Amino acid sequence: MPDTATPDSTGLPEAASYEPTERTVPTRAKERASYDEATVHSILDAAYLCHLGFVRDGAPVVLPTLFGRIGRRLYVHGSTGSRPLRTARASDPGLAVCLTVTHVDGLVLARSAFHHSMNYRSVVVHGIATTVTDPEERRLALDAIVDQVVPGRSKDSRPADAKELAATAVIRLDLDEASAKIRTGGPNDDPADLSLPYWAGVVPVARAYAAPVPSDDLDPSVQVPDYLDAL
Numbered sequence: 023m024p025d026t027a028t029p030d031s032t033g034l035p036e037a038a039s040y041e042p043t044e045r046t047v048p049t050r051a052k053e054r055a056s057y058d059e060a061t062v063h064s065i066l067d068a069a070y071l072c073h074l075g076f077v078r079d080g081a082p083v084v085l086p087t088l089f090g091r092i093g094r095r096l097y098v099h100g101s102t103g104s105r106p107l108r109t110a111r112a113s114d115p116g117l118a119v120c121l122t123v124t125h126v127d128g129l130v131l132a133r134s135a136f137h138h139s140m141n142y143r144s145v146v147v148h149g150i151a152t153t154v155t156d157p158e159e160r161r162l163a164l165d166a167i168v169d170q171v172v173p174g175r176s177k178d179s180r181p182a183d184a185k186e187l188a189a190t191a192v193i194r195l196d197l198d199e200a201s202a203k204i205r206t207g208g209p210n211d212d213p214a215d216l217s218l219p220y221w222a223g224v225v226p227v228a229r230a231y232a233a234p235v236p237s238d239d240l241d242p243s244v245q246v247p248d249y250l251d252a253l
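In terms of the working numbering, the sequence shown opens at residue 23 and continues consecutively.
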């Protein structure tokens, strides 16, 4: 991805950032919002599941789906018969969507029920999703989606053939309007509640992987690849 940073008064490049918009500035806890490109990308890159929201027949729809990132673009794939992908292809200029990613890092337990919370990292992206028709971009996008789940996997599996590609649609969402929101730390109890006899603190939450389980029909000579050990 090209360097979009610009020098500051020290002569060093400033961190690239996304321009805040009316849709990306939160109405509450504005101090938790970040428009720093590196922060947004790091949250996206640590995930592979997103939720894609759009309006269908006048009603909101939110679908969980896999995604991949290449630079300032996100890619989502699915069946050519799926409604959001069909709509993105048929609409001009495309399908208005809101894509979100969330990591839960801890359960924040306060002395009062009101101040219970979560520690989290999230990204919200607004934009117009368009159908990818260029064959090379489609190939790169599909590889990116596979590698978003397990880095290195796209080079260690059979690429989609012509029939599979014909049944697969890919949509692109440019990262033009994006923001992150992060909460860290402990509970924010009211001073009057600090002496109450209730446990308060954080229960950390982390994603974990167990040992890979081979397929029943896997050739015993095929060993677990290094990129799975890295997980």
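Beta carbons: idealized from backbone N, C-alpha and C, even for Gly.
Given the structure is predicted, the values throughout are model-derived calculations rather than measurements.
query: Can you list, in chain order, the residues of its chain whose CB lies under 6 Å from that of D215, leaving out five sequence neighbours each side?
result: Translated into the one-based positions of the sequence shown, residue 215 becomes position 193. Contacts found: R133, S134.
field: V147, enclosing beta strand (DSSP E) - first and last residue
entry: Taking the first residue of the sequence shown as 1, we reach residue 147 at position 125. Note, V147: beta strand (DSSP E), 139-153.
task: Would you decide whether V130 is buried or exposed? Buried here means 16 or more other CB atoms lie within 10 Å of its CB.
output: Along the sequence shown, one-based indexing puts residue 130 at 108. Classification of V130: buried, given that the 10 Å Cβ count is 16 or more.
message: Along the chain, where does the alpha helix (DSSP H) containing K185 start, and where does it finish?
response: By 1-based counting over the sequence shown, the position of residue 185 is 163. For K185, the enclosing alpha helix (DSSP H) has its first and last residue at 184-188.
- prompt: To the nearest angstrom, how far is it from the Cα of A191 to the Cα of W221?
  reply: The sequence position of residue 191 within the sequence shown is 169, counting from 1. The sequence position of residue 221 within the sequence shown is 199, counting from 1. Roughly 50 Å separates the two Cα atoms.
- request: Taking only runs that begin and end inside the region 63-141, name each unbroken beta strand (DSSP E) of 3 or more residues, in chain order.
  value: Whole beta strand (DSSP E) segments, 3+ residues: 71-78, 81-92, 95-101, 117-131.
message: Is there a Cβ of chain C sitting closer than 9 Å to that of V62, yes or no?
response: Given the protein chain composition of this structure (a single chain), no chain C is represented.
query: Secondary structure at D156, three-state DSSP: helix, strand or coil?
result: By 1-based counting over the sequence shown, the position of residue 156 is 134. Correct three-state label for D156: coil.
- request: Counting only the same chain and skipping the five closest in sequence on each side, list residues whose C-beta sits under 7 Å from that of C72.
  value: Locating residue 72 in the sequence shown gives position 50, where the first residue counts as 1. Contacts found: T87, F89, L121, T122, V123.
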